[in-house]
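For the sequence shown, the residue numbers in the numbering used here are -7 to 112.
First the structure, in the form of structure tokens, and then the observations on it.
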Amino acid sequence: MEIRALTARAQNAERRVINLQNQLLASEEKLTVVNQKTTSADNKWEARVQEYEKRLKAAEEKFKRERQGGKERALELENQMKSYQRQIELAQKRIQTLNEIIETAGLKTPGKGSPAPGSK
């Protein structure tokens, strides 16, 4: 009887080992599938990160170009403003010179007090 009991226990143990081995194989297969999915997801995220880094770099470069362009445009406008100021100063000097010539010649400008010479 003892041999039968031991044989039965051994057979039960072997069945449990086989069941556990089957469960282990199934778990390993599931793990392999999960690892493949995870690897795929990781690759997708890595590609997204690289794409966003690429976009960020492009945006930074664009910002730098626009900023530099703005500085250049501001410099152009400042130079243009200085040129216009010089032109205004020269025009004012010419006007002053003409007014001095008119005053020294004894002429009066029309509309500034007395009628033009030769009119009544």
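Built from N, CA and C at the ideal position, the CB exists for glycine as well.
Source: prediction; values computed, not measured.
Which same chain residues, not among the five before or five after residue i, have their C-beta less than 8 Å away from its C-beta?
i, result
"Asn14", "none"
"Glu21", "none"
"Asn11", "none"
Give the straight-line distance between the Cα atoms of residue i and residue j, rounded to the nearest whole angstrom.
i, j, result
"Gln88", "Gln77", "16 Å"
"Ala39", "Gln28", "16 Å"
"Val26", "Ala33", "10 Å"
"Arg(-4)", "Ala18", "33 Å"
"Thr96", "Leu90", "10 Å"
"Leu16", "Ala0", "24 Å"
"Glu6", "Thr30", "35 Å"
"Glu53", "Arg65", "18 Å"
Under 7 Å Cβ to Cβ from residue i, same chain only, skipping five residues before and after it: list those, please.
i, result
"Phe55", "none"
Using a Cβ cut-off of 7 Å (strictly closer), state whether residue i contacts chain E.
i, result
"Arg78", "In the structure shown, chain E does not exist; there is a single protein chain."
Which same chain residues, not among the five before or five after residue i, have their C-beta less than 6 Å away from its C-beta?
i, result
"Leu125", "No answer is possible for residue 125: it lies beyond the span of the chain, which begins at -7 and ends at 112."
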